[in-house]
Every structure is written in structure tokens, then in C-alpha cells.
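Notes follow once the structure below has been shown.
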Amino acid sequence: MFEADSASRALGMELLEAAGGSAVVRMTVTADMVNGHGIAHGGYVFTLADTAFACACNSYGPVTVASGADISFTAPAKEGDVLTATAHERTRYGRSGIYDVTVLRGETVIAEFRGRSRVLKVPSE
4 MFEADSASRA
14 LGMELLEAAG
24 GSAVVRMTVT
34 ADMVNGHGIA
44 HGGYVFTLAD
54 TAFACACNSY
64 GPVTVASGAD
74 ISFTAPAKEG
84 DVLTATAHER
94 TRYGRSGIYD
104 VTVLRGETVI
114 AEFRGRSRVL
124 KVPSE
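Counting in this note's numbering, the sequence shown runs from 4 upward without gaps.
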């Protein structure tokens with residue numbers, strides 16, 4: 004799935020691992036990602052977390068999409084910071100799931116993200 008994700012790859016994201024409901028994705032904050040306050044725009048931090056979430060929930064194989072997500076920003080990131088998003092499955096039930104993602108700059112938590120997933124139905128042939 005990540006290889007076909009041109010949006011994430013265009014932002015310089017690297018998939019470090021994905022298997023069994025977990026994933027790790029890394030991105031460096033560039034000058035184009037910094038807002039008027041000189042910090043990483045929250046949308047880019049969200050996108051990084053969302054990409055890790057997507058890789059984790061799709062690690063089982065069936066096409067899975069987000070049904071919702073929210074994020075709490077806990078510290079700013081700046082140009083040149085290397086951010087790592089680590090996603091872990093919390094539960095899967097039926098076609099739904101809940102995943103938590105922590106975004107770190109080194110040991111500092113930048114954001115906490117919770118995503119809700121839904122496996123798409125395969126159309127009848």
C-alpha cells in the first residue's frame with residue numbers, strides 16, 4: 004500500500020516497518036512544512052500519523068480505510084526535526100479497529116493520534 008501512496012512519499016516519508024497491526028513511519032520537517040509561527044504545520048504532523056495508522060491497519064491485507072481520527076499536539080516540531088510515528092493496534096472487532104499512534108522527535112512526544120478503521124467490503128463478482 005505504501006508504495007502506491009504518492010502523497011506520503013512526496014513528503015519524504017519512509018516506511019520503516021509494518022506488520023501485524025503495527026507500523027513505523029519517519030519524516031523530516033522541511034522548510035515547506037513550517038507555518039507562520041516557525042513550527043511544523045499541524046496538518047503535516049497529522050498526515051505523518053495518519054500514514055503510520057494506514058500502514059498498520061492495512062498490514063493484514065484487506066483494504067482498510069479510516070472512519071475517523073483525532074490528534075492532540077503536545078510539543079512543537081521545527082524545520083530539520085526528524086519525526087517518527089509509531090502505530091499500534093488497540094483492538095479489531097468485526098470490520099472495525101482502533102489504532103494509537105505516537106509521534107516522536109527523539110524521545111519527545113510531539114503528538115498522540117487515535118484512528119478508527121473500517122475494512123471495505125469486497126464487491127460481489
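All C-beta atoms, glycine included, are put in the ideal place defined by N, C-alpha and C.
(message) With DSSP as the reference, identify every bridge partner of F116, one or two as the case may be.
(response) Residue 116 sits at position 113 when you count from the first residue of the sequence shown. Paired residues: I74 and V104.
(request) Return the first residue and the last residue of the beta strand (DSSP E) that L86 is part of. (result) As a working mapping, residue 86 is identified with position 83 in the sequence shown. L86 -> beta strand (DSSP E) spans V85 to Y96.
(message) Counting beta carbon pairs with one atom in the segment 78 to 93 and one in the segment 45 to 54, are three or more of them shorter than 8 Å?
(response) yes
(request) Please determine, among R121, G41 and A21, the residue with the shortest C-alpha to C-alpha distance to G100. (result) Taking the sequence shown and counting its residues from 1, the one referred to as residue 100 is at position 97. Out of R121, G41 and A21, R121 has the C-alpha closest to the C-alpha of G100.
(message) Just to confirm the assignment, what range does the alpha helix (DSSP H) spanning L51 have?
(response) Counting from one through the sequence shown, the residue named residue 51 turns up at place 48. First-last of the alpha helix (DSSP H) with L51: G45 to C60.
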